[in-house]
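I have placed the structure first, in the form of structure tokens, so that the comments after it can refer back to it.
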Amino acid sequence: GMLFIYTTDVTESFYMKNTLISLDIIFIAADLSIVSITRETTPLSLDLITASAPYRYVLEVRAGFAAAHGLNGGDRVTLNL
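Residues 2 to 82, numbered by the numbering used here, are exactly what the sequence shown covers, in order.
See below:
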């Protein structure tokens, strides 16, 4: 996967313009709780993907990862940075 790290809380949108595979996009708050998950994105789409609240981290993983690992909004994650 790919981890985006922001120094402050943000509400920026993502899109799939040059991405050839479907992803799960996991938005994570500063307290390491999952704000929201956008599952199975559409490759090459210009549709904006936004979180339901401000976030500090974004983890992009292969589509189906969140379901396979039982991840849901409100769950807490561990980051070893």
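A virtual CB, placed ideally from N, CA and C, is assigned to each residue, including glycine.
- Distances from the alpha-carbon of Asn19 to those of Leu4, Leu47, Asp25 and Ser37 put Leu47 closest.
- Taking C-alpha positions only, Gly75 is separated from Ile35 by approximately 5 Å.
- Leu4 is positioned such that its CB atom lies no closer than 7 Å to that of Val78.
- Rounded to the nearest angstrom, the Cβ distance from Ile22 to Pro55 is 27 Å, too far for a contact under 8 Å.
- The criterion of a C-beta distance shorter than 7 Å is not satisfied by Ala69 and Glu41.
- Taking the Cα of Gly71 as reference, the smallest distance to any Cα among Ile38, Glu13 and Ala52 is reached at Ile38.
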